[in-house]
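Take a look at the structure set out below.
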Amino acid sequence: MIFAHTTFRWLSFAWLSAMAWQPGVVAAAETLTTGFEQAKPGDFRELNSPIGTWRAETGHAEVTAKFHHTGKQCLHIYGGNERQVEFVPSAAIRMPGHLVFQAERWTNRSPFAFRVDQQLDGKWVEIFNGDKAVVVGRGFKSRVKIPLKTSPKRLRFTCTSPARSGVLIDGVALMPAAPQKIAGITVDAVQVPGLLGLETNPLLRVSVGTTGALKPIALTEAAALVGGSIVEKDLVAVQWLASGTSPKFSDAIPLGEHLPGKNGSHLFNGKQMLVAGENYFWLSVKLSAHADIDHTITASCAYLKFSDGKIHKPQAATGVVHRLGVAVRQGGQGGVHTCRIPGLATTTKGTLIGVYDLRNRSGGDLPGDIDVGMSRSTDGGQSWEPARAIMDMGRDAKWRYDGIGDPAVLVDRNTGTIWVAATWSHGNRSWVGSGPGMKPHETGQLMLVRSDDDGVTW
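For the sequence shown, the numbering used here gives the first residue as -9, with consecutive numbering after it.
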């Protein structure tokens, strides 16, 4: 997704404070956050951040750009026996409160142990046992919140797990024992089309940043305006969703009751508690199966109301106009696990021909049970004929179902003939499975089919 955004903030940096408890010691009144964006990907040894220093011995951890919760990188504590990373907060910071971070376990295999210790009076004291609390699942599903009775001087993260596994950590924050406040609200316009056939289509993402963890605030009302050339009958539903601390729409779930508001607005009314840090909300629409795909749609956030009685009217995001389209194929449709690698062409008669992998059993690449599918539209993409398999090389499990895929489509403008090319793998004959020779049992084959009647037959 591409975001265009505007932001208003009352607090410029969350780690600065002006209140001193004693000379040379700063008492942080706001959340102190640290990530791993400044570190070079690879074996991790040390990182100096504005709020403290991270350290690890060689072979205990890495910074990876392959996974992240926020930003583009995270910390990966390796699998093995007692792999450890230490964090030493800045000496200028004195802040009892909570240690909060997102975590992801990499394997269901045993053994698995994940602990966080705090050094008190020269001794390590366990403050968190994550053996069961940190779970497997892409997307950093585990939000860890640990109360700190005293200001932390040294923290240690320890993981024991099978080799080539471990724990991912991101979004580490030290949160003060202070009442929760709203630090800022950001509205992002999500630059993707609205698709007929999908249950949800994101139009806006609203991020509500908070500091403090005591007396948490709740979002009680959110109002949005939907415009563009779209008409009321094109809309089946307009709803607000929440994805918690995850910035990903795939993690969003619908909020409570939705009601029509004033001046044509769409209203959420309920109680959604906020957590310290960033809280993500989304405005989404479901389109009618008969919506005109030549229409457009725009959206804006009118206001947000919170349980502390305050109403915020965030500045509108940079105007994004959403075009409409059709979700021609979806995962699981027609008993097909996944459709991938799309190609699209317009014939000499104006017909649209879409081709793609029909990955019948899984989303994996060749070799596998894969055929080439085709969808056809004669009205400019407003409606589509049922999908058909136009290239199917066999069903024998001995030969990995003779998978054929990665199609490309070409229209001969002189003759009107439509050509589709794809790769056939008779067994494992793709990539490293390809051997010397030219025959199907030796190497992958380039296959062609054609249609001389505008895609009706092949």
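Yeah, the Cβ is synthetic: ideal placement off N, Cα and C, and Gly gets one too.
Taking Cβ positions, are I343 and V362 nearer each other than 8 Å?
The Cβ-Cβ distance between I343 and V362 does not fall below 8 Å.
Which residue from V401, N350 and G161 puts its Cα closest to that of W409?
V401
Could you tell me the alpha carbon to alpha carbon distance between Q323 and R349, rounded to whole angstroms?
11 Å
Taking the alpha carbon of G445 as the reference point, which residue from T341, W421, G425 and Y391 has its own alpha carbon closest?
T341
Do you know how far the Cα of L436 is from the Cα of M428?
11 Å
Can you list the beta strand (DSSP E) stretches of 3 or more residues lying completely in the segment 257 to 281, in chain order?
267 to 277
Ends of the beta strand (DSSP E) at D347?
It spans L342 to R349 - the beta strand (DSSP E) in which D347 sits, taken as one unbroken run.
Exposure of I159, with buried meaning 16 or more beta-carbon neighbours within 10 Å
buried
Helix, strand or coil: which one does DSSP assign to R99?
It is coil, neither helix nor strand.
From D107 to V90, what distance separates their C-alpha atoms?
Each residue's alpha carbon lies about 14 Å from the other.
What runs of the beta strand (DSSP E), each 3 residues or longer, lie entirely inside the segment 24 to 76?
36 to 39, 42 to 45 and 51 to 54
Per DSSP, cross-strand counterpart(s) of R146
E76 and D107
I'd like to know whether the C-beta of G406 is nearer than 8 Å to at least one C-beta of chain D.
The chain inventory of the structure shown lacks chain D, comprising one protein chain alone.
V228 to V275 span [Cα, whole Å]
Those two C-alpha atoms are separated by around 4 Å.
Would A214 and L194 qualify as a contact pair, given that the criterion is a beta-carbon distance under 8 Å?
Result yes, Cβ atoms of A214 and L194 sit closer than 8 Å.
Buried versus exposed call for T140 [16 or more other C-beta atoms within 10 Å across all chains shown]:
exposed
E36: which of R95, T407, K122 and V75 sits nearest, CA to CA?
Selected option, being the one with the closest Cα: V75.
Have a look at the DSSP bridge pairing and note the partners of E211.
N259 and K295
From H416 to A279, what distance separates their C-alpha atoms?
40 Å
Three-pair Cβ contact test at 8 Å for the segment 326 to 338 versus the segment 296 to 312
These segments do not touch.
Would you kindly work out how many angstroms separate the C-alpha atoms of S219 and Y346, rounded to a whole number?
Rounded to whole angstroms, S219 to Y346 spans 32 Å at the Cα level.
Kindly list the residues whose CB is nearer than 7 Å to the CB of A55, restricted to its own chain and excluding five residues on each side of it in sequence; keep chain order.
Counting only Cβ-Cβ distances below 7 Å, and skipping sequence neighbours, we find P31, K62 and Q63.
I'd like the list of long-range same chain contacts for E247, defined as Cβ closer than 8 Å, with 5 residues on each side in sequence excluded.
F258, N259 and G260
Check whether the segment 190 to 208 and the segment 164 to 171 are in contact - that is, three or more C-beta pairs closer than 8 Å.
yes
Rounded to a whole number of angstroms, what is the C-alpha to C-alpha distance between T433 and N119?
52 Å
Rounded to whole angstroms, what's the CA-CA distance from L186 to V180? Just pull it up for me.
17 Å
Name the residue from P237, G358 and W230 whose alpha carbon lies nearest to the alpha carbon of P244.
Closest option to P244, Cα to Cα, is W230.
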